[in-house]
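> Chains Z and P, in that order, give the protein sequences.
The first sequence begins at 2 in my numbering and counts up one residue at a time.
The second sequence begins at 117 in my numbering and counts up one residue at a time.
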Amino acid sequence: MNPRPDIQILAINRASSAVFNDFLEEGEYSIPWLQDVTAESVWTQWSGVQNDVIILDRKGGRRAVYDYYHGTTYGLRSLLLSIEAEGEE
Amino acid sequence: MEAQIGKSARWGWVAAALFVLAGCEESHSPSPVLNVTVSVSPDRSTIELGDSLQLAAHVTGATDTTVTWSVVGDGNVGTVTQDGLYRAPLSLPWPPIVAVTASSNAAPRATGTGEVVFPMPDFALEDVNPGSAAYGSLISPLDYRGSVSAWYFGNAG
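1) Determine which residues of the stretch 43 to 54 of chain Z have a Cβ less than 9 Å from any Cβ of chain P, and write them out in chain order.
2) Alpha carbon to alpha carbon, how far is P/F239 from P/P257?
3) Quick check: P/A154 and P/A226, are their CB atoms within less than 8 Å of each other?
4) Mind checking if Z/G72 is an interface residue toward chain P, Cβ cutoff 8 Å exclusive?
5) Which class does P/N245 belong to by DSSP, given the choice of helix, strand or coil?
6) Run through chain Z and tell me which residues come within less than 8 Å of P/T250, C-beta to C-beta.
7) Check whether the Cβ atoms of Z/N22 and Z/Q36 sit closer than 8 Å, and answer yes or no.
8) Measuring only the C-alpha atoms, how far is P/E141 from P/A223?
9) Please state if the CB of Z/P4 and the CB of P/D243 are separated by a distance shorter than 8 Å.
10) Which one of P/Y260, P/L169 and P/N221 has the shortest CA to CA distance from P/G279?
11) How is the beta strand (DSSP E) around Z/A16 delimited, first residue to last?
12) Anything in chain Z within Cβ reach of P/R261, meaning under 8 Å, just list it in chain order.
13) Where in the stretch 157 to 224 of chain P do unbroken runs of the alpha helix (DSSP H), each at least 4 residues long, occur, reported from the N-terminal end onward?
14) Can you tell me whether Z/N14 is buried or exposed? The criterion is at least 16 other CB atoms within 10 Å of its CB, across all chains shown.
15) Between which two residues does the beta strand (DSSP E) carrying P/W267 extend?
16) Using a Cβ-Cβ cut-off of 8 Å (strictly less than) and excluding sequence neighbours within five positions of P/E164, which residues of its own chain qualify?
17) Cβ of P/D159 within 8 Å of Cβ of P/E231?
18) What are the boundary residues of the alpha helix (DSSP H) that Z/I84 is part of?
19) Identify the residues that DSSP records as bridge partners of P/G276: which are they?
20) Kindly identify the DSSP beta-bridge partner or partners of Z/G62.
21) By the three-class DSSP mapping on this structure, what secondary structure does Z/T39 have?
22) Taking Z/D53 as part of the beta strand (DSSP E), name the residues at either end of that continuous run.
23) Quick one: Cα of P/P246 to Cα of P/L254, how far?
24) Measure from the C-beta of P/Y268 to each C-beta in chain Z and report whether the shortest distance is under 8 Å.
25) For a cutoff of 8 Å on Cβ pairs, would you count P/N271 as touching chain Z?
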């Protein structure tokens with residue numbers, strides 16, 4: 002049996018969109034949904050673009066940016082698995 | 117019809133270019149072709165700001181295996197010695213990736229590059245998803261060191 006890949010998936014909501022978080026009450030999603038705030042401005046600090054997925058390596062370095070708007074779940078999954086399989090840098 | 121004229125014109129240019137190239141070859145004595153390659157190891161490393169990283173260059177195809185090191189870009193990108201010792205800047209360059217290049221002294225067009233990557237800026241944000249195991253806690257990228265992590269930039273609106 003293959004070991005479960007060590008990949009963590011999170012979301013960061015835009016600071017100005019906090020009022021739209023009601024959909025989370027439905028309990029459909031289980032990934033951490035982080036609410037950005039003006040004091041942190043992670044979207045700005047990380048140059049985040051809506052629907053992009055920034056992938057970090059095990060040391061916190063930016064390994065890739067996946068354009069999920071034009072991509073697919075399968076494409077993202079393949080990229081994550083390939084990065085995870087690279088092992089330690 | 118226009119397409120056909122365009123196509124024949126294009127072939128005319130190709131023929132002319134080949135003719136010129138052939139002429140050049142005849143009028144000059146051929147120079148030795150150097151098949152020099154340079155590779156840098158490690159080819160990719162993530163290091164902390166202010167840290168140093170020893171890089172090595174491997175040259176093939178030339179008897180002179182020395183290289184000249186350089187950091188690509190100006191400003192806050194760090195420095196590299198001619199022994200391949202890279203020193204990172206103290207503040208984060210943006211984008212947080214720096215290319216360090218070794219170019220062969222025997223064939224300067226032959227280059228190899230090593231990428232130096234810096235951890236993304238830290239933060240602490242609250243997990244507001246009641247369905248998440250970390251609901252209500254502050255989360256930082258530091259919590260996920262040791263794992264590959266994917267950060268989706270969503271917009272609930």
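A virtual CB, placed ideally from N, CA and C, is assigned to each residue, including glycine.
Since we're looking at a predicted model, the values are computed, not measured.
Let me spell this out:
1) Under the 9 Å Cβ criterion, the stretch 43 to 54 of chain Z contributes V43, W44, Q46, W47, S48, G49, V50, Q51, N52, D53 and V54.
2) Indexing the second sequence from 1 puts residue 239 of chain P at position 123. Indexing the second sequence from 1 puts residue 257 of chain P at position 141. In a straight line, the C-alpha of P/F239 is about 7 Å away from that of P/P257.
3) To locate residue 154 of chain P, count along the second sequence from 1; it is residue 38. To locate residue 226 of chain P, count along the second sequence from 1; it is residue 110. Before going further, note that residue 154 of chain P is Val rather than Ala in the sequence given. Yes, the Cβ-Cβ distance between P/V154 and P/A226 is below 8 Å.
4) Here residue 72 of chain Z refers to the residue found at position 71 when the first sequence is read from its first residue. Not one chain P Cβ lies under 8 Å of Z/G72.
5) Counting from 1 along the second sequence, the entry for residue 245 of chain P is found at position 129. Note: P/N245 maps to coil in three-state DSSP.
6) What you label residue 250 of chain P is simply residue 134 of the second sequence in a count that begins at 1. It is worth fixing the name first, because residue 250 of chain P is Ala in this sequence and not Thr. Near P/A250 (Cβ distances below 8 Å), the residues of chain Z are P33.
7) The residue given as residue 22 of chain Z occupies position 21 in the first sequence. The residue given as residue 36 of chain Z occupies position 35 in the first sequence. Yes.
8) Translated into the one-based positions of the second sequence, residue 141 of chain P becomes position 25. Translated into the one-based positions of the second sequence, residue 223 of chain P becomes position 107. Because the pLDDT of P/E141 is 45, which lies under 50, any placement of that residue in the model is unreliable, and the question is left without a value.
9) Residue numbering aside, residue 243 of chain P sits at position 127 when the second sequence is read from its first letter. Residue numbering aside, residue 4 of chain Z sits at position 3 when the first sequence is read from its first letter. Going by C-beta atoms, P/D243 is not nearer than 8 Å to Z/P4.
10) Missing from the structure shown is residue 279 of chain P; chain P here goes from 117 to 273 and no further.
11) The residue labelled residue 16 of chain Z in the question sits at position 15 within the first sequence. Where Z/A16 is concerned, there is no enclosing beta strand (DSSP E), given that its DSSP letter is neither H nor E.
12) Here residue 261 of chain P corresponds to residue number 145 of the second sequence, with the count starting at 1. Those within 8 Å of P/R261 in chain Z are R59, K60 and G61.
13) Here no run is fully enclosed.
14) In the first sequence, counting from the first residue as 1, residue 14 of chain Z sits at position 13. Burial is judged here by how many other beta carbons sit within 10 angstroms of a residue's own beta carbon; Z/N14 has at least 16 and is buried.
15) Position 151 of the second sequence, counting from 1, holds the residue named residue 267 of chain P. It spans V264 to G270 - the beta strand (DSSP E) in which P/W267 sits, taken as one unbroken run.
16) Mapped onto the second sequence, residue 164 of chain P falls at position 48. Around P/E164: A204, F234 and P235.
17) Mapped onto the second sequence, residue 159 of chain P falls at position 43. Mapped onto the second sequence, residue 231 of chain P falls at position 115. Yes; because the gap between Cβ atoms is below 8 Å, this pair is in contact.
18) Within the first sequence, numbered from 1, the residue matching residue 84 of chain Z stands at position 83. Z/I84 -> alpha helix (DSSP H) spans T74 to A86.
19) With chain P running from 117 to 273 in the structure shown, residue 276 of chain P is simply not present.
20) Taking the first sequence and counting its residues from 1, the one referred to as residue 62 of chain Z is at position 61. DSSP, once it has assigned bridges, lists P/P235 as partnering Z/G62.
21) Residue 39 of chain Z sits at position 38 when you count from the first residue of the first sequence. Reduced to three states, the DSSP call for Z/T39 is coil.
22) Position 52 of the first sequence holds residue 53 of chain Z. Here the beta strand (DSSP E) through Z/D53 covers D53 to L57.
23) Within the second sequence, numbered from 1, the residue matching residue 246 of chain P stands at position 130. Within the second sequence, numbered from 1, the residue matching residue 254 of chain P stands at position 138. Taking C-alpha positions only, P/P246 is separated from P/L254 by approximately 14 Å.
24) Translated into the one-based positions of the second sequence, residue 268 of chain P becomes position 152. It does: the Cβ of P/Y268 has a partner Cβ on chain Z nearer than 8 Å.
25) Walking along the second sequence from the start, residue 271 of chain P turns up at place 155. Yes - at least one Cβ of chain Z is within 8 Å of the one on P/N271.
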